[in-house]
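Start counting the first sequence at 1; every next residue gets the next number (the UniProt record's numbering). Each residue gets a CB set at the ideal place from its N, CA and C atoms; glycine is no exception.
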Amino acid sequence: MSTVSSGVAVGSPEQVQFIVDELYRLYPKARYELDFTTPLELFIATQLAAQCTDERVNAVTKDLFKKYRSAADYAGANPEELEQDVKPTGFYRKKAAQLRASCQYLLDHHNGEVPNTMQELVRVPGVARKTANVILGNAFGIVDGFIVDTHVDRLSKRFGWTKQNDIVKIERDLMALVPREHWLEAAHRIIYHGRAVCNARKPLCGNCTLASYCPSVVTE
DNA sequence: ATCCCGAGGG
DNA sequence: CCCTCTGGAT
């Protein structure tokens, strides 16, 4: 069992608690940053978020949400037109097709509404656990799992909380390690810290207040 | 060149 | 497990 510089074991309740507490202290107001006002808007925004910054998604959805107001609007959209409407988020052909298919599924199975259970959400084409966790937690206030995006994936490995590459297994490790009442808020803060400090290319360990509890500190 | 709040298919 | 799908920022 490896330890961090402050002597605490990696993955121990003490290490996990310190990091979670510190993330709350650093980012008291952190929240999920995709703009939305309804479950359907979050359903759309989260699908567009793949390999794309939240700022870019918000820039696109600002106009998109005015133009398309219901699942039927997306399902019945002109394919090429919808492609152009979502183009700046990347993967635009795939994403446009996915928006149409997922909204058609909502029409066929849920009367055009976004369901509010994990079981139903992961059956929607284009929706897996990450997207489902975001919708459940942020649109419905239901916490059924741990959001694992690219940041949560990277930081979980750096904290020594998982060695898995399969995000379903990473999620399982996080759910076992982090108390359930922190799953949603910890994920928001891990994401925020992942962008602000513990970024993919050049993590700023020199001014990271988690460093003494992190087994992956790099100097310079 | 490398990365960004992924999912589905091989 | 790995790869692909894509544009924009750095």
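(message) Let me check understanding here. Comparing Cα to Cα, which of Asn-165, Tyr-27, Lys-130, Glu-22 lies closest to Val-143?
(response) As a working note, residue 143 is residue 143 in the first sequence. Measuring from the Cα of Val-143, the nearest candidate turns out to be Lys-130.
(message) Please classify residue 223 as buried or exposed, where buried requires at least 16 other C-beta atoms within 10 Å of its C-beta.
(response) Here the chain comprises residues numbered 1 to 220, so residue 223 is not present and cannot be evaluated.
(message) Do Ser-2 and Pro-215 have their beta-carbon atoms positioned less than 8 angstroms apart in this structure?
(response) Residue 215 sits at position 215 when you count from the first residue of the first sequence. Residue 2 sits at position 2 when you count from the first residue of the first sequence. Contact: yes.
(request) Look at the alpha carbon of Cys-205 and the alpha carbon of Arg-69, and state the distance between them as a whole number of angstroms. (result) Translated into the one-based positions of the first sequence, residue 205 becomes position 205. Translated into the one-based positions of the first sequence, residue 69 becomes position 69. Each residue's alpha carbon lies about 44 angstroms from the other.
(request) Under 7 angstroms Cβ to Cβ from Thr-89, same chain only, skipping five residues before and after it: list those, please. (result) For the purposes of this step, residue 89 is taken as residue 89 along the first sequence, with counting starting at 1. Shown here for Thr-89: same chain residues with a beta carbon closer than 7 angstroms to its own, the five before and five after excluded, namely Leu-48, Cys-52, Arg-56, Val-57, Val-60, Lys-95 in chain order.
(request) State the CB to CB distance for the pair Gln-98 and Gly-126, rounded to an integer number of angstroms; the pair is presumed to be in contact (CB under 8 angstroms). (result) Position 98 of the first sequence holds residue 98. Position 126 of the first sequence holds residue 126. That pair is a contact at about 4 angstroms.
(request) Only counting runs of 4 or more residues, tell me where the alpha helix (DSSP H) segments fall wholly within the UniProt domain "HhH-GPD" (48 to 196), in order along the chain. (result) Secondary structure remark: continuous alpha helix (DSSP H) runs of at least 4 residues inside the UniProt domain "HhH-GPD" (48 to 196), in chain order: 54 to 67, 71 to 75, 79 to 86, 92 to 110, 118 to 121, 129 to 139, 150 to 158, 167 to 177, 183 to 196.
(request) Could you work out which residue in Val-148, Ala-176, Lys-157 is closest to Ile-167 when comparing CA atoms only? (result) Taking the first residue of the first sequence as position 1, residue 167 is located at position 167. Of Val-148, Ala-176, Lys-157, the residue nearest in Cα terms is Val-148.
(request) Check whether the Cβ atoms of Ala-72 and Gly-112 sit closer than 8 angstroms, and answer yes or no. (result) Along the first sequence, one-based indexing puts residue 72 at 72. Along the first sequence, one-based indexing puts residue 112 at 112. Yes, the pair counts as a contact, with Cβ atoms nearer than the cut-off.
(request) Please determine, among Tyr-92, Val-124, Val-4, Leu-42, the residue with the shortest C-alpha to C-alpha distance to Gly-141. (result) Stepping through the first sequence from its first residue, residue 141 is reached at position 141. Out of Tyr-92, Val-124, Val-4, Leu-42, Leu-42 has the C-alpha closest to the C-alpha of Gly-141.
(request) Grab me the residues of Arg-201's own chain with a C-beta within less than 6 angstroms of its C-beta, minus the 5 sequence neighbours each way, in chain order. (result) The residue you call residue 201 lines up with position 201 of the first sequence. Excluding residues within five positions, none has a Cβ falling inside 6 angstroms.
(request) Out of Pro-115, Asp-85, Val-134, Val-10, state which residue places its alpha-carbon closest to the alpha-carbon of Lys-67. (result) What you label residue 67 is simply residue 67 of the first sequence in a count that begins at 1. Nearest C-alpha to Lys-67: Asp-85.
(message) My output table needs one value for Thr-3: the three-state DSSP class, helix, strand or coil.
(response) Position 3 of the first sequence, counted from the start, is the residue given in the question as residue 3. Reduced to three states, the DSSP call for Thr-3 is strand.
(request) Please determine if the stretch 18 to 37 and the stretch 174 to 186 are in contact, where contact requires at least 3 C-beta pairs separated by less than 8 angstroms. (result) yes
(request) Please name the residue in Gly-11, Ile-191, Tyr-213 whose C-alpha comes closest to that of Glu-33. (result) Position 33 of the first sequence, counting from 1, holds the residue named residue 33. For the residues Gly-11, Ile-191, Tyr-213, the minimum Cα distance to Glu-33 belongs to Ile-191.
(request) State the Cα-Cα distance for the pair Ser-6 and Arg-154, rounded to the nearest angstrom. (result) As a working note, residue 6 is residue 6 in the first sequence. As a working note, residue 154 is residue 154 in the first sequence. Ser-6 and Arg-154: Cα-Cα distance of roughly 22 angstroms.
(request) Express the C-alpha separation of Val-218 and His-193 in angstroms, rounding to a whole number. (result) The sequence position of residue 193 within the first sequence is 193, counting from 1. The sequence position of residue 218 within the first sequence is 218, counting from 1. The straight-line gap from Cα to Cα measures roughly 16 angstroms.
(request) Give me whichever residues DSSP pairs with Ala-9 in a beta bridge. (result) Within the first sequence, residue 9 is the residue found at index 9, counting from 1. Ala-9 pairs with Thr-3.
(request) If I'm right that Val-178 touches Val-16 with Cβ under 8 angstroms, what's the distance once you round it to whole angstroms? (result) Here residue 178 refers to the residue found at position 178 when the first sequence is read from its first residue. Here residue 16 refers to the residue found at position 16 when the first sequence is read from its first residue. That pair is a contact at about 6 angstroms.
(request) Please list, in chain order, all residues of the same chain as Lys-169 whose beta carbon is under 8 angstroms from its beta carbon, the five residues on each side excluded. (result) To locate residue 169, count along the first sequence from 1; it is residue 169. If we look at Lys-169 and ignore the five residues flanking it on each side, its Cβ neighbours are Thr-162.
(request) Please work out which residues of its chain come closer than 7 angstroms, Cβ to Cβ, to Ala-128, disregarding the five sequence neighbours upstream and downstream, and give them in chain order. (result) For this step, residue 128 is matched to residue 128 along the first sequence. Excluding sequence neighbours, Ala-128 sits near Val-122.
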